[in-house]
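J.: Numbering (this note's numbering), first residue to last: 1 to 348. C-beta: ideal position from N, C-alpha, C; glycine also.
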Amino acid sequence: MITYSIESVTEDFKMNSSGALIINRTLNYALVPSYSFTVKAQDSGGKSDTTSIQINVKDPDNWNPYFLHNLYYAFIPEEQVGFSPTIQPEAIKALPGDPGIDTTLTYSISSVTPEKYRSNFEIDSIGGNLSVVTAIDREEMDSSIISVNIKVDQVTDGRTATAQVRVVNEAPQFPPEVYKASVFSTDPFKTPVIVVKASDPDVGDEGRLEYSLVSGSPYFDVDASSGLVFVVSVVDLSGQAATVEVKVTDPKGLNATAKVEVEVLGSTSSSNVVTISLNQPANVVERKVPEMEKSLGKALGWTVNIIQVSNSTRGSPKSRTLREDAKSLVNFIAVDKAEVVSYEEVVR
1 MITYSIESVT
11 EDFKMNSSGA
21 LIINRTLNYA
31 LVPSYSFTVK
41 AQDSGGKSDT
51 TSIQINVKDP
61 DNWNPYFLHN
71 LYYAFIPEEQ
81 VGFSPTIQPE
91 AIKALPGDPG
101 IDTTLTYSIS
111 SVTPEKYRSN
121 FEIDSIGGNL
131 SVVTAIDREE
141 MDSSIISVNI
151 KVDQVTDGRT
161 ATAQVRVVNE
171 APQFPPEVYK
181 ASVFSTDPFK
191 TPVIVVKASD
201 PDVGDEGRLE
211 YSLVSGSPYF
221 DVDASSGLVF
231 VVSVVDLSGQ
241 AATVEVKVTD
251 PKGLNATAKV
261 EVEVLGSTSS
271 SNVVTISLNQ
281 PANVVERKVP
291 EMEKSLGKAL
301 GWTVNIIQVS
311 NSTRGSPKSR
321 TLREDAKSLV
331 NFIAVDKAEV
341 VSYEEVVR
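(1) How is the beta strand (DSSP E) around glutamate 263 delimited, first residue to last?
(2) Can you name the start and end residues of the alpha helix (DSSP H) that serine 295 belongs to?
(3) By alpha-carbon positions, which one of Leu237, Leu213, Arg348 and Lys197 ends up nearest to glutamate 291?
(4) Please report the residue range of the alpha helix (DSSP H) in which valine 347 lies.
(5) Determine the closest residue to lysine 93 out of Val273, Val264, Trp302 and Leu105, with distance taken between C-alpha atoms.
(6) Around the C-beta of proline 192, are 16 or more other C-beta atoms found within 10 angstroms, so that it is buried, or is it exposed?
(7) Going along the chain, which residues of its own chain have a beta-carbon closer than 8 angstroms to the beta-carbon of asparagine 24, five neighbours each way excluded?
(8) Apart from the five residues just before and just after alanine 358, which ones in its own chain have a Cβ nearer than 6 angstroms to its Cβ?
(9) Is valine 273 near isoleucine 194, with beta carbons less than 8 angstroms apart?
(10) If you run the structure through DSSP and keep just helix, strand and coil, what is asparagine 56?
(11) Classify aspartate 124 as helix, strand or coil using the three-state DSSP reduction.
(12) For the beta strand (DSSP E) that contains alanine 242, what are its first and last residues?
(13) With a threshold of 16 other CB atoms inside 10 Å of the CB of asparagine 305, please say whether the residue is buried or exposed.
(14) Between asparagine 70 and proline 96, what straight-line distance do the alpha-carbon atoms span, to the nearest angstrom?
(15) Helix, strand or coil, according to DSSP, for serine 143 in the structure here?
(16) Quick check: what's the CA-CA separation for alanine 282 versus phenylalanine 184?
(17) Hey, valine 235 and phenylalanine 220 are a contact pair by Cβ (cut 8 angstroms); roughly how many whole angstroms apart?
(18) Taking its Cβ as the centre, do 16 or more other Cβ atoms sit within 10 Å of valine 347, making it buried, or is it exposed?
(19) What did DSSP end up calling lysine 327 once you bin it into helix, strand or coil?
(20) Can the beta-carbon of leucine 278 be found closer than 8 angstroms to that of valine 330?
(21) Can you tell me which of Leu228, Thr303, Ala256 and Gly253 puts its alpha carbon nearest to the alpha carbon of lysine 190?
(22) Taking the alpha helix (DSSP H) that glutamate 286 falls in, what are its first and last residues?
(23) Smallest Cα separation from threonine 51: which of Thr38, Asp43, Ser44 and Lys58?
(24) May I have a chain-ordered list of the beta strand (DSSP E) segments no shorter than 3 residues that lie completely inside the segment 176-241?
(25) Which whole-angstrom value describes the C-beta separation of serine 199 and asparagine 129, a residue pair presumed to lie in contact below a C-beta threshold of 8 angstroms?
(26) Apart from the five residues just before and just after alanine 224, which ones in its own chain have a Cβ nearer than 7 angstroms to its Cβ?
(27) Based on the DSSP secondary-structure assignment, which residues constitute the bridge partners of serine 333?
(28) What did DSSP end up calling serine 270 once you bin it into helix, strand or coil?
(29) Along the chain, where does the beta strand (DSSP E) that runs through serine 34 open and close?
Structural data, given as structure tokens:
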């Protein structure tokens, strides 16, 4: 049988028969900040050994504050300022190490990586609310992660937690989610219907956006780069309405959709088609079809449907001294209460 005993004189600790050291009474850091004593173990035959024990008493006023989480995440859209991102798994918050002491925790940003983005962020010193004060360009830093260390100051050395801030790509958007247009059942292949145009702050209004139909259609299709919806064949839809859904996708795979509601009118005589000439190439004019229809309709007082845009050139092929400037021919009809307005009345 082995017995244990504390050889040094202290009433603050005792040792039981199994060798467990037990606090015998409340310790007082101010009176005794540390203890050093010897523990002896002895068997029934009288053989024994000793070991030294050093115990340091922790000052309760010196407990460091701590964060509820060591790692926080925030996702922010680029080019946006003056807002507080949503923090996950919850808002940044620290608690005092000693709940019995009434003290104020102070939050501050100790570092940002990359360092050049240090001035982009601020944190409320009392509430710990992280905010974006200067816009971040995702094109410049792409999808890099900014590590923001949040320091909590108290009367002692602070603790730090890390908030990883990721600048996220924004999905493209269609200004209207529903477009309306009309065509005639006799309109030929490639007749423009309407241009659906999406915007994306990450890539700009032009370029790097790809348009497609959500589901294939035997009646309509869309140009992948311009968003021009055009006729494939609508001869079987005379007097009916059709809907197609167009999807726009950015280089990161984010997308948006819009519906195009098309009213297919009965046939119209070619004699009612009005042609105007513009000093711009057809591919440029095609992108402005909605604006042109609106402007012409406002000027004429009717609904205008542009049914064809084609290229033409100025000058004679036999004379190379004449400058050949690209221009386009725009064919349109005017509609008044579902009735086609005659050519003579339009040009009058």
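T.: Result, derived from the coordinates:
(1) Here the beta strand (DSSP E) through glutamate 263 covers 255-265.
(2) Per DSSP, serine 295 is one residue of the alpha helix (DSSP H) stretching across 289-300.
(3) Ranking Leu237, Leu213, Arg348 and Lys197 by Cα distance to glutamate 291 puts Lys197 first.
(4) From DSSP, the alpha helix (DSSP H) with valine 347 extends over 343-347.
(5) The option with the nearest alpha carbon to lysine 93 is Leu105.
(6) Counting every other CB atom within 10 Å of its CB across the protein chains shown gives proline 192 a total of 16 or more, marking it as buried.
(7) Correct list, in chain order: Glu11, Asp12, Phe13 and Lys14.
(8) Outside the shown range of the chain (1 to 348) lies residue 358, about which nothing can therefore be said.
(9) No, the pair does not count as a contact, with Cβ atoms beyond the cut-off.
(10) In the three-state reduction of the DSSP assignment, asparagine 56 falls in the strand class, which pools E and B.
(11) Note: aspartate 124 maps to coil in three-state DSSP.
(12) Per DSSP, alanine 242 belongs to the beta strand (DSSP E) from 241-249.
(13) Classified as buried, asparagine 305 has 16 or more neighbouring CB atoms from the shown chains inside 10 Å of its CB.
(14) Going from the Cα of asparagine 70 to the Cα of proline 96 covers about 15 angstroms.
(15) Because the pLDDT at serine 143 is just 46, under 50, the model does not fix this residue reliably, and the value given afterwards should be weighed accordingly. Coil.
(16) Cα-Cα distance, rounded: 21 angstroms.
(17) At roughly 13 angstroms, the Cβ-Cβ gap does not stay under 8 angstroms, so valine 235 and phenylalanine 220 are not in contact.
(18) The residue in question, valine 347, is exposed, as its Cβ has fewer than 16 Cβ neighbours within 10 Å.
(19) Correct three-state label for lysine 327: strand.
(20) Yes.
(21) Ranking the options by Cα distance to lysine 190, first place goes to Leu228.
(22) Run containing glutamate 286: 282-286, per the alpha helix (DSSP H) assignment.
(23) Ranked by Cα distance from threonine 51, the options Thr38, Asp43, Ser44 and Lys58 are led by Thr38.
(24) Those beta strand (DSSP E) runs which fall completely within the segment 176-241 and span 3+ residues are 178-184, 192-195, 210-213, 220-222 and 228-231.
(25) Going by Cβ atoms, the distance from serine 199 to asparagine 129 rounds to 31 angstroms, so no, they are not a contact pair.
(26) Non-local beta-carbon contacts of alanine 224 in its own chain, meaning distances under 7 angstroms to residues more than five positions away in sequence, involve Glu210, Tyr211 and Ser212 in chain order.
(27) The question names serine, yet the displayed sequence has isoleucine at residue 333. DSSP output for isoleucine 333 lists Asn305 as bridge partner(s).
(28) Helix at serine 270.
(29) First-last of the beta strand (DSSP E) with serine 34: 34-42.
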